[in-house]
Every structure is written in structure tokens, then in C-alpha cells.
Amino acid sequence: MNPPGLEVYRILLEKLCARSRIVAFLADVEGRISWADPSAADGFPGAFSDGESFQNALDEATLLEPQRAGPFASEPAYEPTHRDGELRRVEGGALYRHLRIPLEDLGPGYVLHCLVDISHENELEEHSRLNFQQLSSMREIVDILYESLSTPEVVYLCLVAVSAQVGFGFNRAFFLQVNGPRMRGRIGIGPSDPEEAHQIWSRLSSLHLSSLREIYQDLTRNSGVPDPRTQELAVHMDFDLSIHAPETGAEAPGILGVLGRGKPARLHSSEQGTDVDDTLFELLATDEVAVVPLFVRDSLAGVIIADNFITRKPIAEGDLNVLKTFAGYAGVALERSHLYDELRESVAKLQAANETLKTSQQKLLQAEKLSAIGGLAAHVSHEIRNPLVAIGGLARSLLKDRDTGPETAETLQIIVSEVTRLEKFLRETLDFVKPQVRDAVSVDLNAAVLNCLATFKSELLKSAIKTDTELPEPSIHGWMDSELLHHVLSNLLKNAIEAMPDGGRLYVAVRRNDLSATIHVGDTGTGIPPEVLPRIFDAFFTTKPEGTGLGLCIAQQSLRSLGGTLELEADDKFRTVFKLTLPVSAGGGASRRSRKRSEMSHARMETVETTARSLS
Amino acid sequence: MTTVLVADDELSIRKLYERELAEEGYSLVFASNAQEAIQKAKEATPDLVIMDISMPGMDGIEAMGRMLDDRNELPVVINTAYSSYKDSFLSWPAEAYVTKSSDLTELKDTVRKILTEKSEGPTN
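Chains as they are written, first to last, in the numbering used here: chain A, 570 to 1185; chain B, 241 to 364.
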């Protein structure tokens, strides 16, 4: 019951179908096929048999997109365009646009169905869309890369750009650093299985992170390593390229050739390669990768390897072109960050050198000051002492005279005691500056502390100062001039006691750490005002009316000559703490453990830190 | 009688020592500089020399050296306001080193001790 005229259409349509990518069939008002292109049988799930309903052949399964344009038959003036009609994809086959063209001359309800194969067209369209997206991404990527000055950040950003959907859309990206013949994986990002991919991608889309910057910030905010398993994979990539020396260069197969040519390329596991390629494909468990060599100042600095591990989407020529452009920008960004790193390093070195210079200058200045003091002190001491000897000596002589009356004797006694006081002052202060030969001997630190404390017994009692001592058993032996150590300790104890005129707590402890020992002298006194702290070791600096400003200065310098130091440290318990460092002697009463250690390395000098509280 | 030579450039010190050491029963010879001291050491052949270091011209250390060249056994007590020479090897040839003090007890004791040992020495 075919309508007349159908035969004419059939001949025309068969010729059209044979020459084009169109599958055509005619259906009547009820959707029954009255004619079908013979090629229509290929690839479609159902048969386009005459008399059958075409719905059987084009079931819902093939429908990709609902109909875009309105009804056809009801609009006589309708001119179909390729944009109209629903999209259908046959499983494993081509993509079709389903157009309906009413053929009213055959009879009411007759419709010519054309399935236009638009696979290719669609691909092009998709590409142009992607290219546009990639171009705008590229701009953003370049902007971000050029803002960043740290090398790890630049590398990380590159990987984000390569792997992010708003970037170049690869599933995973790895950075391998090339250092001489060594190529080692450093960073890897991207999901390691479909489940993780789903989690990551749905999280990212729910966050509406539209820009690379946001994605990068999100990644770095959450943790240092966003994809631990992928990162681990990256670290496993470790190649010694030197063993492939004959195979390097532009002519080499596989990835070595790509590195030799220096241009981004696709590699497939089926292509001929070296065992570097074999290992790489095996590690990545993928068949195709994009390889992007990165150059810094004309030398190969690294390589980005990207793949579509999850989606298995083939790497398109367009992707590669974008990567080529990207590689150039990435290289420049890397070069900038390398330069910046070098600059920063140089600045740090300069700063350190400057700091050292400043310290040495200060030390030199202090040494100069002290040397001047030494000379001056000796001279002053001599010039004052001689007349004192005469005054005091003659006064003593007169005192012994029988002719001297009691009143004169009293006056002479005053002269004698005043001269004695002055002589004592000379002995205790200026004489200490004398350039004398000191001998380091093994000193029992506990005994030194206790002896020194004993000399302050009456002062401690007078000021109602409680003393807490903490001494190790057995004692520790320091390597020091015993007279000097006694003098320094006395100085520190005296200062501590003077800082507590209304009583308090004096704390003295000798402690041994693993490699050093400490003597702590602390007090609960007034503390040293912060503005004074930097000057307490300066010669002639003092806050005491009767002070010479020499005690700490001389103590520090003298200790230094025997390998010790005296420093000031902040402390929670005692507002100010002096740290005295001196070599420890190996023998004596050192603990069995320390003796053993010193036997093992008897030449090693250990240090004792003495911390003491002081004033200036 | 025991003779003691005192070399010191300061008159007040010489006066003091004259007063105090005469009390000890010594015969005293004085020199106000190193050259004079070397001269007096030859002429007066003292039993002991009390030598200041810091004097104008030649210092006491050098003068001591010259004296010991002549008389190796001559005891010299260095007596100076400087305490810094005490540990110096330059002063080692001296029999004793006493820092100047208005209290002459140490000096007197030292001198007495040296002279006693010296006089007892040959008999032992």
C-alpha cells in the first residue's frame, strides 16, 4: 500500500544516502517504515524493516538530547536546519542528528527521517569550544605563574593547570625533575582511582571553584599533599638516563626522543620505546601520556607527564598544541623563580656575612676597649699605689713611734685604714685587668660553687636570702683557671645578692646535659631593665654608684681566653640569666658515662654552661 | 752588719724604707736609678737588693740581670707597684716578688727569711 511517488523518492534518496553521511527512512503517519536506506541496517539496534515501527529501531536508548526545535508537520513553512532535531548516538557508533522532513505530497503524515552523521562536525565544534576555554585558561595560568616566585609553587601551579578541568583537563599530572642524568618524580596530583576521581571532581564542582587560583588555593589550604597515592607514584619515578646514553637525542625512541627534541608530544604504550617508557607506562597503568619538557635557560630542567588515567579519553592534537604554548610560559616562569631563589640565597648569604661582620666588629671594639683599659689600669694602679705606700707606710711608722700621742695615733690610724681601703680597691678591681698568664686545670665545679657560696655566708644571712643549691652527684670537672672561675662566680653571686637587698631566693645549680653541663645562678631580685641589657658587658658601664663597670666585662674577656664564654640569656624563672660556657675536663669526678664517652673521643671538648644572674 | 741595697726612684719610698728597715737592724744603701744601683752593688757589696722595676732609664729587671752577671748568688727582691710582672718569666731570676704595700710586714718578713737562709746555708 505504498503511496504513488514513493518510487521516485526512493531512487533519489538511495543516491543521496550513498554519497553522504545520511541514513534515511520514510515513515507514515503511524510511524511505520515504508522505506529505509539499505545502509540503515548497519549499527542500529533494531531493523528498519518495511512495515515496522521506526521506534523499535531508534529506541530511547539512542536518544542523547531531546528535540531542540518544535514540530515539523504543523509548520508548513518550516525549513529544517542541522541544528534541529534530537541527537542520537548508537552504542559504539556515530553521533546522529535526527531530522524530520514532512513529505506531504506522498500523503498526510508522511515524514522523511534523516539521521545525519555529525560525529565529525561535533568534534570540531567541541574542539573550538575547548580551544577557546583553553586559551582563556592559558591567560589565567600565565598570570598566576608570573605572580609566583617560589619554584615549588610554580611547579605545583603548572600541574594544577595541566590537570584541572578549567585548565587543560588532564586527569593526572606529574612533575619529574631532570638533574644531569637523573630524572626523578617530585610531585604528582590527580585522583588515583575512579572513586577518588568522583569524590575530587564532585567536591571541586560543588565548591564552584571557577579559577585555577581558587583550585590551587583550595589544594594548598587543605594539606601539603592533596593526593597522597598519586604523590607516592610520582616519587617512585626515578630514572638514570645515563645508562641510555646511546639512545638520547632527537632520534631516540619514546620519551628520550621527546626530551631530545624538547617539544611536547603524545606517547602511546604501543609505540617503540626504551625501558624508561616501559617502566613509566607500567607505573602509570595507562596507555597514553602527554610529555611536556620544561626548559630553563636552554637546559632541560624537568618534564611534566600528564594522562587521562580515569576517563581514558584519548589525548587530542589540540591538547598537545595548547601544551606546547604552555611549556614555553612554564619555562619562563620556572626561570624567573630560579633566578629569584638564587637572589634570595645571595641576599641571605650577604645578610649572614653582614651579621658576622657586625659581631666581629663589636668583639673587636670590646677587645680594643679592654686592651686600652688594661694599659690604663696598670698605669693608674702604679701611679696611685706608690704614693699610697709612702703615705700609709709612713703613717704606720709614726704609729709605732713612742713620741706619738694617743690623739695623733688615732689620726694616723685613720690614714692607715683609708690607705688600706684604697689598696684593697686597687687589688680587687684594677689588678684584675692585668695581662696575666692563666692556667686551665681540672676544677671540681661543685666544690667551686660551694667554696664561693661560703664566702658570701654573712651577706646572705644579712639580706635574709635563702639559697637553693642543686649539685650533681658525682660532681662535674671543668677545665678552667680556678682563680678565674672563683672570681667570675664571686662576681655573679655578689651581683645577685646585691639585687636582693630585701631578701629573696638565690638559686645555684650545676647540671650536666648530654654534652654539656650548666651552672645556674639565679635570683628573685629586681632584674635588669631591658634598656640596659645590651650594654651590661661593656667596659665602664655600670648602674651602681660605686661600680667600676669592669666586672662583667673583664670576666667575659678572661673566660674567652680559656675557651669559655659568658653570655646573657632570657629565662622565665629568673628575669636574666648569664650563660657561662667552658670546656669540661674529661677525668676527675665525671660520671662513669661521661668517662666512657671521653674515652671514646678524648679529644672532644665538651662545654659547661654556667648560667648566672647578674647586674652590672 | 748586714747591708741591704734599696733601688727606688721615689724619694718618699726611700725615706719610708730607710725608717722601717733600719729598725730591722740593716745597714742601708740607696740608689735612685738602675745605673746607680748597679754601681752601688759593686761598691757596697750588699747582702740583699730590694729592687723597684719602674724607674727612669733602665728598668729594675735589666739592672737585676746586670747585678746577677757580676754576683750570681746575690738575692734580689723585686718590690714594685705593678702586680703584672709577678707571673712574668723576666722576674724569675729574682729571689722573691713582693707587691708594694703600705703595710711593710710582707717585705720585711721576706727579707728576713732570705737573709736567715743565706747565713745558715753554708753551715748546713
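For glycine and all other residues, C-beta sits at the position ideal for the given N, C-alpha and C.
DSSP places Ser-838 (chain A) in no beta strand (DSSP E); its state is neither H nor E. Counting C-beta pairs with one atom in each stretch, the stretch 274 to 287 of chain B and the stretch 300 to 317 of chain B have three or more that are closer than 8 Å, which means they touch. Sequence-distant Cβ neighbours of Arg-708 (chain A) in its own chain, meaning closer than 8 Å and more than five residues away, do not exist here.
For Lys-340 (chain B), the neighbours in chain A by C-beta distance under 8 Å run, in chain order, Arg-954, Asn-955 and Val-958. In the three-state reduction of the DSSP assignment, Trp-1048 (chain A) falls in the strand class, which pools E and B. A direct Cα-Cα distance of roughly 8 Å separates Ala-902 (chain A) from Leu-718 (chain A). Contact of Ser-252 (chain B) with chain A is assigned, a C-beta pair being separated by under 8 Å. For Arg-259 (chain B), at least one C-beta of chain A is nearer than 8 Å to its own C-beta. Taking the Cα positions, Ile-253 (chain B) is about 24 Å away from Gly-944 (chain A). Measuring C-alpha to C-alpha distances from Ile-710 (chain A) to each of A:Asp-619, A:Asp-597, A:Leu-991 and A:Ala-899 identifies A:Ala-899 as the nearest. Taken in chain order, the complete beta strand (DSSP E) segments of 3 or more residues contained in the stretch 265 to 329 of chain B are 267 to 271, 288 to 291 and 316 to 320.
Per DSSP, reduced to three states, the secondary structure at Gln-734 (chain A) is coil, with no helix or strand assignment. Proximity of Tyr-266 (chain B) to chain A, defined by a Cβ-Cβ separation below 8 Å, is not satisfied.
Check the Cα spacing between Asp-606 (chain A) and each of A:Ile-580, A:Asn-877 and A:Leu-1062: the tightest is with A:Ile-580. Here Leu-1135 (chain A) is bridged, per DSSP, to A:Leu-1149. In this model, Tyr-715 (chain A) and Ala-803 (chain A) are separated by some 25 Å (Cα to Cα).
Interface residue (Cβ-Cβ distance to chain B less than 8 Å): Arg-971 (chain A) is not classified as such. The stretch 742 to 755 of chain A makes contact with the stretch 856 to 876 of chain A; the number of CB pairs closer than 8 Å reaches 3 or more. Note on Ala-896 (chain A): 16 or more other CB atoms within 10 angstroms of its CB, so buried under the neighbour-count rule. Rounded to whole angstroms, the separation of the alpha carbons of Ile-879 (chain A) and Val-731 (chain A) is 15 Å. Every beta strand (DSSP E) stretch that sits fully inside the stretch 325 to 356 of chain B and reaches 3 residues is listed by chain position as 336 to 339. For the pair Leu-908 (chain A) and Ala-917 (chain A), the Cα-to-Cα distance works out to about 14 Å. Nearest to Thr-242 (chain B) by alpha-carbon distance, out of B:Asp-249, B:Asp-292 and B:Leu-314, is B:Leu-314.
Spatial neighbours of Met-1069 (chain A) in its own chain (CB-CB distance under 7 Å, excluding positions within 5 residues in sequence) are listed in chain order as Ser-1032, Ile-1034, Asp-1092, Thr-1093 and Gly-1094. Arg-913 (chain A) and Ala-922 (chain A) have their C-alpha atoms roughly 14 Å apart. For Asn-319 (chain B), the closest alpha carbon among the candidates B:Ala-303, B:Gly-305, B:Ser-331 and B:Tyr-337 is that of B:Tyr-337. Residue burial annotation: Arg-866 (chain A) is exposed, with fewer than 16 other C-beta atoms found within 10 angstroms of its C-beta. In this structure, DSSP gives Glu-1039 (chain A) an extended state, which the three-state scheme calls strand. Contact note: Ser-294 (chain B) reaches chain A through His-951, using a C-beta cutoff of 7 Å and chain order. Residue burial is scored here from C-beta neighbours: Trp-1048 (chain A) has at least 16 other C-beta atoms within 10 angstroms and is therefore classed as buried.
Closer than 8 Å to the CB of Ala-947 (chain A) there is at least one CB belonging to chain B. Chain-order list of chain A residues neighbouring Tyr-337 (chain B): empty, with the shortest C-beta distance near 13 Å, by a criterion of under 7 Å. For Asp-349 (chain B), no CB of chain A lies under 8 Å from its own CB, so it is not counted at the interface with that chain. Contact between Val-351 (chain B) and Val-317 (chain B) holds, since their C-beta atoms are separated by about 6 Å, short of 8 Å. Sixteen is the threshold: when 16 or more other Cβ atoms of the shown chains lie within 10 Å of the Cβ of Thr-843 (chain A), as they do, the residue is buried.
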